[in-house]
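Protein chains in written order, with full-length UniProt numbering: chain A, 1 to 473; chain U, 1 to 578.
The beta-carbon is built from N, C-alpha and C at its ideal position, and this holds for glycine as well.
Predicted model only: the values in this text are computed from it and were never measured.
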Amino acid sequence: MPDKIDYDAKIPNNVDLSSDRRLQRALEGWQPKFMHWWGEMGPTLETHGVYLRTAVSVGREGWAHFDHVVPDQYRWGVFLAERDPDRRIAFGEHQGEPAWQQVPAEYRADLQRLIVIQGDTEPASVEQQKLLGLTAPSLYDLRNLFQVNVEEGRHLWAMVYLLHAYFGKEGRTEAEALLYRNSGSPDAPRILGAFNEETADWLAFYMFTYFTDRDGKYQLGTLKESGFDPLSRTCEFMLKEEAHHMFVGTTGVDRVVQRSAELIREFDTLDIGPRGGIPLQIIQKYINFHYTVSLDLFGSETSTNGANYYTAGLKGRWQETRRKDDHQLTNDVGILERPRADGTWETEEMQAILLLNLDLRAEYMADCQTGIKRWNRILEKHEIDFQFKLPHPGFNRDVGINASQHITPEGTIVDEATWQQGKHNWLPTTEDLTFVRSLMQPVYERGKIASWVAPPTNGINGKPFDYDYVHLP
Amino acid sequence: MAIAVQRESDDAAEAGSADGQQAEVPIEVSFDRHPDSYRHWRLRVDGPVAWLAMDVDEQGGLRPGYELKLNSYDLGVDIELYDATQRLRFEHPEVRAVVVTSAKDGVFCAGANIRMLAAAAHEWKVNFCKFTNETRNGFEDATAHSGQTYLAAVNGTCAGGGYEIALACEEILLIDDNSSTVGLPEVPLLGVLPGTGGLTRVVDKRRVRKDRADVFATRPDGVKGKTAVDWNLVDGLVPRRGFTEAVARRANELAARGERSTAVRGIELTPLHREVTAQGTEYEHVSARYDRQTGTVEITVRGPAPGAPSLAEIHEAGPRGWLLAMTRELDDLILRLRTNEASLGTWVLRTEGDIAAVLDYERVVLGAAANDWLCNEIVHYYKRTLKRLDVTSRSLVALLEPGSCFAGLLFELALASDRQYILDGPPIDDEESELRASVALSEANFGVFPMGSGISRLESRFYGSTEHLDWLRGELGRELEPAEVAELGLVTDAPDDIDWEDEVRLVIEGRAALSPDALTGMEANHRFVGPETMETKIFGRLSAWQNWIFTRPNAAGGDGALRRYGTGQKAVFDRKRV
Numbered sequence: 001m002p003d004k005i006d007y008d009a010k011i012p013n014n015v016d017l018s019s020d021r022r023l024q025r026a027l028e029g030w031q032p033k034f035m036h037w038w039g040e041m042g043p044t045l046e047t048h049g050v051y052l053r054t055a056v057s058v059g060r061e062g063w064a065h066f067d068h069v070v071p072d073q074y075r076w077g078v079f080l081a082e083r084d085p086d087r088r089i090a091f092g093e094h095q096g097e098p099a100w101q102q103v104p105a106e107y108r109a110d111l112q113r114l115i116v117i118q119g120d121t122e123p124a125s126v127e128q129q130k131l132l133g134l135t136a137p138s139l140y141d142l143r144n145l146f147q148v149n150v151e152e153g154r155h156l157w158a159m160v161y162l163l164h165a166y167f168g169k170e171g172r173t174e175a176e177a178l179l180y181r182n183s184g185s186p187d188a189p190r191i192l193g194a195f196n197e198e199t200a201d202w203l204a205f206y207m208f209t210y211f212t213d214r215d216g217k218y219q220l221g222t223l224k225e226s227g228f229d230p231l232s233r234t235c236e237f238m239l240k241e242e243a244h245h246m247f248v249g250t251t252g253v254d255r256v257v258q259r260s261a262e263l264i265r266e267f268d269t270l271d272i273g274p275r276g277g278i279p280l281q282i283i284q285k286y287i288n289f290h291y292t293v294s295l296d297l298f299g300s301e302t303s304t305n306g307a308n309y310y311t312a313g314l315k316g317r318w319q320e321t322r323r324k325d326d327h328q329l330t331n332d333v334g335i336l337e338r339p340r341a342d343g344t345w346e347t348e349e350m351q352a353i354l355l356l357n358l359d360l361r362a363e364y365m366a367d368c369q370t371g372i373k374r375w376n377r378i379l380e381k382h383e384i385d386f387q388f389k390l391p392h393p394g395f396n397r398d399v400g401i402n403a404s405q406h407i408t409p410e411g412t413i414v415d416e417a418t419w420q421q422g423k424h425n426w427l428p429t430t431e432d433l434t435f436v437r438s439l440m441q442p443v444y445e446r447g448k449i450a451s452w453v454a455p456p457t458n459g460i461n462g463k464p465f466d467y468d469y470v471h472l473p
Numbered sequence: 001m002a003i004a005v006q007r008e009s010d011d012a013a014e015a016g017s018a019d020g021q022q023a024e025v026p027i028e029v030s031f032d033r034h035p036d037s038y039r040h041w042r043l044r045v046d047g048p049v050a051w052l053a054m055d056v057d058e059q060g061g062l063r064p065g066y067e068l069k070l071n072s073y074d075l076g077v078d079i080e081l082y083d084a085t086q087r088l089r090f091e092h093p094e095v096r097a098v099v100v101t102s103a104k105d106g107v108f109c110a111g112a113n114i115r116m117l118a119a120a121a122h123e124w125k126v127n128f129c130k131f132t133n134e135t136r137n138g139f140e141d142a143t144a145h146s147g148q149t150y151l152a153a154v155n156g157t158c159a160g161g162g163y164e165i166a167l168a169c170e171e172i173l174l175i176d177d178n179s180s181t182v183g184l185p186e187v188p189l190l191g192v193l194p195g196t197g198g199l200t201r202v203v204d205k206r207r208v209r210k211d212r213a214d215v216f217a218t219r220p221d222g223v224k225g226k227t228a229v230d231w232n233l234v235d236g237l238v239p240r241r242g243f244t245e246a247v248a249r250r251a252n253e254l255a256a257r258g259e260r261s262t263a264v265r266g267i268e269l270t271p272l273h274r275e276v277t278a279q280g281t282e283y284e285h286v287s288a289r290y291d292r293q294t295g296t297v298e299i300t301v302r303g304p305a306p307g308a309p310s311l312a313e314i315h316e317a318g319p320r321g322w323l324l325a326m327t328r329e330l331d332d333l334i335l336r337l338r339t340n341e342a343s344l345g346t347w348v349l350r351t352e353g354d355i356a357a358v359l360d361y362e363r364v365v366l367g368a369a370a371n372d373w374l375c376n377e378i379v380h381y382y383k384r385t386l387k388r389l390d391v392t393s394r395s396l397v398a399l400l401e402p403g404s405c406f407a408g409l410l411f412e413l414a415l416a417s418d419r420q421y422i423l424d425g426p427p428i429d430d431e432e433s434e435l436r437a438s439v440a441l442s443e444a445n446f447g448v449f450p451m452g453s454g455i456s457r458l459e460s461r462f463y464g465s466t467e468h469l470d471w472l473r474g475e476l477g478r479e480l481e482p483a484e485v486a487e488l489g490l491v492t493d494a495p496d497d498i499d500w501e502d503e504v505r506l507v508i509e510g511r512a513a514l515s516p517d518a519l520t521g522m523e524a525n526h527r528f529v530g531p532e533t534m535e536t537k538i539f540g541r542l543s544a545w546q547n548w549i550f551t552r553p554n555a556a557g558g559d560g561a562l563r564r565y566g567t568g569q570k571a572v573f574d575r576k577r578v
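Printed below as a string of structure tokens:
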């Protein structure tokens with residue numbers, strides 16, 4: 001299997017597509033449909049070139065190439081991480097067996113479902129972010145948006161490749177359906193709720209890339225452990241690209257906090273709205289919203305599907321191979337905290353294997369905490385007496401055991417009236433959203449940036465901030 | 001019936017241990033429900049169209065230990081559904097089409113709750129499946145005989161028992177959202193069969209080609225969109241936007257097909273009065289006395305007061321009219337005994353009253369049934385109640401004694417029994433009395449109340465012997481003496497007053513000594529002499545196949561698919577084909 005990517009092919013790939021005529025034909029049939037979708041549902045803003053990175057190899061070193069590309073002409077392709085010929089399944093009842101190079105018939109439906117759900121989220125975020133280019137705070141940010149979008153498009157390609165290559169006619173049908181469902185569509189919405197909400201402003205975009213793309217990272221991490229080797233290798237490479245999306249989120253929120261802190265110091269007031277900044281309280285509300293919506297993506301706390309997938313070897317735990325246990329989990333016990341009707345919490349002991357969603361979510365929550373620390377450090381540096389916090393995982397949930405409960409960000413179970421009363425302090429109100437949107441004026445001039453966000457400390461690929469990242473008409 | 005695997009984020013079967021049979025909590029199940037207090041359904045009548053929306057309360061399980069996620073159901077959910085179908089027929093005769101849909105977004109119904117099934121005792125599972133089957137058959141009965149056409153508006157994922165609800169409807173519309181599917185995942189996921197006629201209706205009713213049915217029933221995920229239509233798993237696709245409007249349009253078209261006037265006014269099904277004690281249950285027209293020693297229930301059905309009512313009087317009396325009130329009481333008693341008294345294995349059926357009064361009452365109702373909606377409903381309700389008896393897994397023995405009124409429609413109770421004995425002599429406690437037992441046949445015994453097999457109980461009793469049936473026809477309306485009744489083959493035996501008590505005792509004690517399982521199987525074999533219909537196949541296969549598979553180690557054993565579902569561990573199968 002060549003490591004180097006074949007860019008001469010109609011569809012760039014490192015899977016030796018030219019030797020599989022049937023698969024090549026199938027993917028070439030899908031390509032124009034993808035391009036049509038990109039044209040209809042992709043970024044609205046027209047450009048003459050964006051400084052984008054393109055994968056040129058999948059090895060550890062120097063896999064990316066940077067150049068100006070018109071997004072429509074981006075070379076989306078199929079790239080899998082290198083194959084480890086000795087890879088073995090690390091968990092479940094097939095532990096120790098060689099990883100599967102073909103789909104076992106028994107798991108075909110489950111694997112297809114997992115891939116379709118993962119695949120469905122990739123184009124969804126492009127659709128959610130369709131209009132953002134029109135209000136970009138700088139060319140640097142605009143470039144990042146395009147980078148994220150083309151790579152989400154490539155992740156769609158990755159999932160479509162798997163569907164075409166391993167799931168026959170049904171896989172091809174599902175691959176087409178990935179383009180027919182659309183974010184927020186009244187007829188055929190995206191499968192998961194969080195992917196049907198519009199990303200309305202740039203603060204939401206940073207939050208999305210921080211919190212929601214981070215969920216994606218953890219989901220991909222579990223699929224990377226899959227006994228189905230092509231899925232594992234696909235996800236491994238996607239994780240590399242995903243890292244940049246999270247970088248956009250982390251530094252994006254950094255820069256908003258930085259700018260707000262500067263304005264607070266400059267005018268010696270927390271009320272920086274009139275000064276063109278985003279008040280810390282609103283940032284906290286955005287955190288509350290995006291974090292909790294992303295927690296929903298982990299599914300129910302207890303999951304028999306998750307358990308089945310684990311036992312079958314389809315989906316592992318985060319960093320499965322580094323964990324020191326039997327990788328079967330049939331005799332292990334975990335603790336579940338659930339809200340009781342009387343407003344107290346109870347803990348329940350359960351088989352660990354039923355709590356895999358919770359296990360993954362715990363990893364994710366710890367990771368999110370590092371962002372909070374980082375942003376609080378910026379405030380500390382500016383000697384501002386305010387601290388961001390992650391809300392309690394029971395707050396504002398639509399999925400799982402807390403879904404029908406009313407829980408405050410502190411984790412107190414309250415009645416509905418109390419919750420409704422507090423809601424405007426916890427989640428962005430219409431006024432908050434309108435205010436943030438009022439700040440969203442595009443800045444397309446080289447080296448310039450909007451009032452509400454600080455410039456980045458470094459540019460892309462060693463280029464300065466005032467580099468000509470995007471050629472606009 | 002089963003729950004489907006929904007999506008990654010959902011789990012149908014929830015917390016609670018499935019790896020040990022849960023301790024059975026003895027609870028007495030009541031079948032009294034009212035739309036005002038439904039926990040799981042919303043019933044709305046909008047002119048000629050009724051909307052029956054499933055909105056299962058997760059915490060509303062009949063027993064502890066499971067959560068009814070994703071509109072999965074247990075007996076409690078189905079009891080409400082049965083109540084709704086009955087009220088639609090009696091309280092809303094103006095309704096011409098019934099839309100069955102879900103009030104939850106993205107999920108129609110995930111089927112019977114697996115945790116509930118895995119934890120339940122076998123007799124509970126079987127009784128549950130039987131009742132749900134009867135309710136589904138009720139959809140088809142309403143469509144065929146009351147002009148209330150059932151339309152399934154599948155607005156989300158629909159699996160196992162959920163799809164079986166849809167299958168019982170005349171038409172199925174599936175939301176075209178590119179993700180909602182219909183499926184029967186029981187075989188691949190649970191190692192059991194769909195328990196509410198799923199397999200049978202797919203091929204026999206919807207005529208899905210058998211190889212496709214095989215593909216369909218072995219996939220854990222379902223089938224959606226165009227394929228579902230091409231295979232005839234559903235009748236049509238409806239876009240998500242405007243789904244409700246499109247369904248309403250179709251429901252109104254179906255409603256317009258009906259012949260019955262939409263101007264009719266229904267009658268209210270008022271609460272039943274019953275007195276329950278440790279010794280039995282007492283209703284106005286029906287009594288039941290328990291003998292736990294012999295495992296017997298003595299059921300007595302009382303006939304109407306003399307004097308035929310007028311049609312107007314039947315309407316005026318509404319739920320208090322004899323035939324409707326008696327039928328409701330008998331129906332309720334059958335359901336309660338089946339669910340709450342599994343160890344009372346023999347039911348002894350008696351009647352009390354005046355033969356002429358029964359025939360007079362019956363003549364009015366049957367005479368009007370063709371044109372009068374209420375009489376039509378009463379006839380079909382009594383028919384369905386007799387069918388319940390036919391499929392009840394209890395030994396049924398009818399005792400015809402002096403003072404009984406086994407005439408016409410009440411004689412069907414005797415014909416539904418496994419054995420019939422008539423006392424040829426005076427009442428046991430009054431040797432001097434002139435009173436003798438007698439029987440009268442009427443038109444009611446020749447096809448008005450067909451069994452599930454589509455033929456009358458008499459035809460099934462004398463299957464293939466038209467001469468015998470002609471002979472019986474010649475005796476229509478006449479009161480027959482015990483000796484004649486025996487000669488006509490209408491009873492098993494006619495002991496005289498010297499032998500009677502001993503004979504009856506021997507029959508009942510003898511029954512109690514036999515294997516209850518063997519009796520259930522044997523009786524089901526004997527009761528349905530004659531042709532097969534979709535209905536008899538559904539019940540027959542439930543008894544024979546589904547129940548067998550349910551108890552096999554491959555499903556119900558510690559390592560079986562049903563017990564292991566939801567534990568994350570895979571079933572271990574004994575690979576031998578049996």
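Exercise for the section: For A/LYS32, name the three-state secondary structure that DSSP assigns. Expected result: According to the sequence displayed, residue 32 of chain A carries Pro and not Lys. If DSSP states are grouped into helix, strand and coil, A/PRO32 belongs with the helices.
Problem - Three-pair Cβ contact test at 8 Å for the stretch 114 to 133 of chain U versus the stretch 543 to 561 of chain U - result: yes
Handout entry: C-beta contact flag for U/TRP51 and U/VAL99 at 7 Å
Key = yes
Handout entry: For U/TRP373, the three-state DSSP class (helix, strand or coil)
Key = helix
Handout entry: Through-space distance from U/ILE79 to U/ARG33, alpha-carbon basis
Key = 8 Å
Problem - Neighbourhood of A/GLN73 by C-beta distance below 8 Å, restricted to the same chain and skipping five residues each side - result: none
Handout entry: Contact under 7 Å by Cβ, U/PRO185 with U/ALA159
Key = yes
Exercise for the section: Answer yes or no: do A/TRP76 and A/TRP157 have a C-beta to C-beta separation smaller than 7 Å? Expected result: yes
Handout entry: Contacts that A/ASP187 makes with chain U (C-beta to C-beta distance below 7 Å)
Key = ASP177, PRO239, ARG240, ARG241
Exercise for the section: Give the residues from the stretch 339 to 355 of chain A that approach chain U closer than 8 Å (Cβ to any Cβ), ordered along the chain. Expected result: GLU348, MET350, GLN351, ILE353, LEU354
Practice task
Verify whether the separation of the beta carbon atoms of A/GLU175 and A/VAL160 is less than 7 Å.
Solution key: Just to set this straight, residue 175 of chain A is Ala in the shown sequence, not Glu. Cβ atoms of A/ALA175 and A/VAL160: closer than 7 Å.
Practice task
Determine, using beta carbons only, whether A/ILE191 comes closer than 7 Å to chain U.
Solution key: yes
Exercise for the section: For chain U, find out if any of its Cβ atoms is closer than 7 Å to the Cβ of A/ALA109; answer yes or no. Expected result: yes
Practice task
Assign A/TRP345 to one of two classes, buried (16 or more other C-beta atoms within 10 Å of its C-beta) or exposed (fewer than that).
Solution key: exposed
Handout entry: Segment contact flag, the stretch 547 to 566 of chain U with the stretch 526 to 535 of chain U, C-beta cutoff 8 Å, min 3 pairs
Key = no
Handout entry: Segment limits, alpha helix (DSSP H) that includes U/PRO516
Key = 516 to 527
Exercise for the section: Could you tell me how far apart the beta carbons of U/ILE267 and U/VAL286 are, in whole angstroms, since I believe they sit closer than 8 Å? Expected result: Between U/VAL286 and U/ILE267 the Cβ distance is about 20 Å, and since that is not below 8 Å, they are no contact.
Handout entry: C-alpha gap between A/ALA450 and U/GLY568, whole angstroms
Key = 52 Å
Exercise for the section: Give a yes or no on whether the C-beta atoms belonging to A/ALA81 and A/ARG322 are separated by under 7 Å. Expected result: no
Practice task
Note the first and the last residue of the continuous alpha helix (DSSP H) segment covering U/ILE172.
Solution key: Where U/ILE172 is concerned, there is no enclosing alpha helix (DSSP H), although the beta strand (DSSP E) it sits in stretches over 171 to 176.
Problem - Cross-chain neighbours of U/ASP57 in chain A, by beta carbon under 9 Å - result: What U/ASP57 touches in chain A: nothing, since even the nearest Cβ is about 10 Å away.
Exercise for the section: Report yes if the CB atom of U/GLY61 is closer than 7 Å to the CB atom of U/ASP74, and no otherwise. Expected result: yes
Problem - U/ASP502 to U/TYR421 span [Cα, whole Å] - result: 12 Å
Exercise for the section: On a CA-only basis, which of A/ASP201, A/GLU151, A/HIS327 is nearest A/ILE278? Give me that one, please. Expected result: A/ASP201
Handout entry: Whole alpha helix (DSSP H) elements within the stretch 464 to 504 of chain U, 4-residue minimum
Key = 466 to 473, 482 to 487
Problem - Residue interval of the alpha helix (DSSP H) (run including U/GLY540) - result: 534 to 541
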